[in-house]
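Below: one structure, written as structure tokens.
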Amino acid sequence: MKMKYLMPDHYRAFFNVPGNYGKRDSFWEFDIEEKKATCHQCIEAPKKYEAHLKCCTFWPFLPNYTIGYILKQKSESYQNAQVFLRRMIKEKRFALPIGLVAPPWYQKEFLDNKDKIFGKSEKMLCPYYQTATQSCGIWRFRGSVCTSFYCKSSYAQKGQLFWKHLEDYLSYLEMALAEEVLVYHDYSPRELSEQLDFLNIDPDQMNLKKLLGQKSLPIPQAKKLWKHYWQKEEEFYIKAAEFVDELPLKQIKEIQGALGTDLLQKLLEARDKIEICQNK
Ligand code: SF4
Ligand code: SF4
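Numbering that gives the first Met the number 0 puts the first residue of the sequence shown at 0, with every later residue one more than the last.
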């Protein structure tokens with residue numbers, strides 16, 4: 000499948016900054032066919048995973064602008080995800096200005112028992128998974144981990160390396176863009192750092208420990224986190240998506256920075272190795 004069908008269009012500019020690296024322009028058209036990981040009929044089921052859960056027993060982080068994009072979609076296929084996201088926003092269920100994180104109890108359970116529950120526990124099924132069709136309800140907008148996960152690659156180690164570098168670059172972009180949105184909407188570095196703590200809950204951190212048993216954020220804490228966007232959360236997410244859509248090239252380059260450029264270069268080198276196999 001071509002990269003341009005695998006990822007949402009708002010990432011295109013980050014693979015296409017002219018003048019930095021010779022073959023960068025062609026990445027969006029790069030075609031990689033993975034024949035071994037047949038997800039419609041999971042190759043790991045029933046031996047490793049339950050067939051109706053596959054490898055979707057995982058609650059991915061969705062950055063603020065991605066929530067905005069999903070809420071803006073007109074297609075019926077996004078309806079379930081939109082209903083879910085609106086419920087999370089309304090009930091203050093860890094929908095933060097930086098994005099939607101897995102609830103603390105889920106994060107702890109995943110950390111403590113990953114080997115026992117992954118692919119096996121219905122309780123851990125991703126909230127965007129569509130049980131009726133056994134497919135992803137946000138496919139084009141799924142996060143970096145999901146976009147780059149192939150349990151087996153037709154290109155063996157070279158393929159796994161390529162997907163790993165794609166994950167690294169996409170995770171970098173997710174965080175860099177979500178943070179850029181916050182900075183441009185008047186959230187201070189300290190407020191940003193408070194929100195980052197929710198992404199990887201440390202159960203030993205006292206202020207987060209008490210959230211382990213809770214389904215929602217306490218109202219005073221949610222109010223403090225949302226500041227001037229309190230009760231305007233959906234509007235904020237939509238603005239975040241529009242902000243990403245309108246980024247000028249200069250800012251795209253700044254967001255990409257030295258680290259992003261290095262990650263992209265590694266990804267392109269991994270892509271080149273696959274192209275050599277494809278042309279043999
Ligand atoms: S990537 Fe996941 S769903 Fe696809 S075949 Fe592998 S384990 Fe199954
Ligand atoms: S977002 Fe989609 S691909 Fe990722 S775990 Fe959920 S259902 Fe599976």
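Glycine residues also receive a C-beta, built at the ideal position from the N, C-alpha and C atoms.
All figures in this text were calculated on a predicted structure; none of them were measured in a lab.
Member of D114, S192, S134, G259 whose CA lies at the smallest distance from the CA of K47 | Taking the sequence shown and counting its residues from 1, one reaches residue 47 at position 48. The shortest C-alpha separation from K47 is found at D114.
Given that a residue counts as buried once 16 or more other Cβ atoms are within 10 Å of its Cβ, and exposed if not, what is R11?
-> As a position in the sequence shown, residue 11 is number 12, starting the count at 1. By the neighbour-count rule (16 or more Cβ atoms within 10 Å), R11 is not buried but exposed.
Pairing CB atoms from the region 45-61 with CB atoms from the region 159-168, are three or more of them under 8 Å?
-> no
Runs of beta strand (DSSP E) wholly within the region 168-249 (minimum 3 residues, chain order) = none
Sub-8 Å separation of S152 and E33 beta-carbons | The count along the sequence shown starts at 1 and reaches residue 152 at position 153. The count along the sequence shown starts at 1 and reaches residue 33 at position 34. Yes; because the gap between Cβ atoms is below 8 Å, this pair is in contact.
Is I69 near ligand 2, going by C-beta to nearest heavy atom under 7 Å?
-> Numbered from its first residue, the sequence shown carries residue 69 at position 70. No.
With 16 as the cutoff for other CB atoms within 10 Å, does Q194 come out buried or exposed?
-> As a first step, residue 194 must be located in the sequence shown, where it is residue number 195. So Q194 counts as buried.
Contact under 8 Å by Cβ, F14 with T56 | As a working note, residue 14 is residue 15 in the sequence shown. As a working note, residue 56 is residue 57 in the sequence shown. Taking 8 Å as the Cβ cut-off, F14 and T56 do not qualify as a contacting pair.
P45 in three-state terms, based on DSSP = As a working note, residue 45 is residue 46 in the sequence shown. Coil, per DSSP.
DSSP state of F129, grouped into three classes?
-> Start at 1 with the first residue of the sequence shown, and residue 129 comes out as number 130. Phe is not the amino acid found at residue 129; the sequence shown has Gln there. It is a strand residue.
Just checking, does the region 216-223 make contact with the region 77-93 on the three C-beta pairs under 8 Å criterion?
-> yes
Compute the distance between the beta-carbons of A142 and P59, then report whether it is under 8 Å.
-> Residue numbering aside, residue 142 sits at position 143 when the sequence shown is read from its first letter. Residue numbering aside, residue 59 sits at position 60 when the sequence shown is read from its first letter. One detail in the question is off: residue 142 reads as Gly in this sequence, not Ala. Contact flag set, yes.
With distances taken from each beta carbon to the nearest heavy atom of ligand 1, which residues come in below 5 Å, in chain order?
-> A36, C38, C41, I42, E43, K53, C54, C150
With DSSP as the reference, label A155 as helix, strand or coil.
-> As a first step, residue 155 is located in the sequence shown; it is residue number 156 there, counting from the start. Helix.
State buried or exposed for C276, treating a residue as buried only when at least 16 other CB atoms are found within 10 Å of its CB.
-> Indexing the sequence shown from 1 puts residue 276 at position 277. Flag for C276 reads exposed.
Using a threshold of 7 Å, is the CB atom of F29 nearer than that to any non-hydrogen atom of ligand 2?
-> On the sequence shown, residue 29 is found 30 positions in, with the first residue counted as 1. No.
Best match in V243, P103, F26, F140 for proximity to M123 [C-alpha to C-alpha] = Here the question's residue 123 lines up with position 124 in the sequence shown. The shortest Cα separation from M123 among V243, P103, F26, F140 belongs to P103.
Bridge partner(s) assigned by DSSP for L95 | Looking up residue 95 in the sequence shown gives position 96. Paired residue(s): G98.
How should R270 be labelled, buried or exposed, when 16 other C-beta atoms within 10 angstroms of its C-beta is the threshold for buried?
-> The count along the sequence shown starts at 1 and reaches residue 270 at position 271. Buried is the call here.
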